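In UniProt numbering, the protein residues as written are 1 to 293. Built from N, CA and C at the ideal position, the CB exists for glycine as well. If you're wondering where the values come from, they're calculated on a predicted model, not measured in any experiment. Inspection log for the structure reproduced underneath, given as structure tokens.
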């Protein structure tokens with residue numbers, strides 16, 4: 001089992017004919033993802049060949065869902081058009097929208113998230129500026145490399161794409177149920193807490209890795225949630241322990257105000273919730289390995 005993305009998920013790609021969309025569609029297909037088509041209003045009615053797999057191009061997400069039964073969209077459109085693309089997905093009420101695009105203006109993200117809330121949050125948004133979600137051995141929606149780990153019983157939620165890959169690789173012999181890259185922008189859809197709740201309810205996830213970073217209070221809020229609601233063991237890593245004071249580093253969301261948002265403050269909050277916190281990715285992997293042994 002996995003959270004949100006399974007072997008039965010039917011995936012479309014918004015921007016399937018663009019350079020990034022086509023490149024990663026090919027990679028998703030190679031990983032076994034059930035990609036059923038894509039969208040580009042200017043090329044609707046055409047088909048695109050991916051190494052012998054011909055995929056139809058539709059004008060809209062709604063058209064693609066009607067014809068293919070798609071329940072996941074992965075968005076690879078340029079930042080200037082991303083807001084409209086996400087709103088189109090929301091209007092179609094597709095259950096999951098994975099927004100890979102980086103550089104989307106924060107006010108655009110805030111606008112489409114508010115629109116989603118007003119519409120009843122029928123679409124789960126992951127991202128933006130994220131690597132997507134992978135359920136190894138089942139499906140891969142986004143840009144997470146498909147060959148760095150196998151299926152297993154660890155769940156992972158991360159702000160950082162690169163650190164997602166590193167922890168997946170370091171724990172590849174144990175494997176993962178699902179890995180979710182939520183992105184590090186100031187405004188995002190799915191949060192650490194959303195993923196923690198899903199992993200807590202997933203019978204095939206035994207333990208959870210949470211990756212955060214300096215700035216904001218998302219990790220402190222996640223610590224409160226873990227203390228009150230999560231019974232499975234959690235191991236965490238906070239990027240930024242060695243960040244020079246007063247420097248702006250990392251994602252746009254990594255903004256520190258006084259002592260709030262520092263790596264040490266987050267570590268204290270998480271440890272108070274019973275979470276084991278590593279100071280390096282390798283130490284974090286070791287802590288998880290000890291828990292799973």
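- Taking residue 154 as reference, the option from 175, 137, 166 and 34 with the minimal CA-CA separation is 175.
- Under DSSP, the beta-bridge partners assigned to residue 39 are 14 and 58.
- Close CB contacts of residue 67 within its chain, under the 8 Å cut and outside five residues either way in sequence, are with 37, 56 and 58 (chain order).
- Here DSSP, grouped into helix, strand and coil, assigns residue 141 to strand.
- Where residue 172 is concerned, there is no enclosing beta strand (DSSP E), because DSSP gives it neither an H nor an E.
- In this structure, residue 288 sits away from residue 230, with a CB-CB distance that is not shorter than 9 Å.
- In this structure residue 82 touches residue 101 by the C-beta definition: roughly 5 Å separates them, less than 8 Å.
- Assignment of residue 49 by DSSP, reduced to helix, strand and coil, places it in the strand class.
- When secondary structure is reduced to three states using DSSP, residue 73 falls in the strand class.
- Across the set 282, 78 and 219, the C-alpha of 282 shows the shortest separation from the C-alpha of residue 169.
- In the structure shown, residue 224 adopts helical secondary structure according to DSSP, grouped into three states.
- Relative to the Cα of residue 114, the nearest Cα in the group 133, 134 and 91 belongs to 91.
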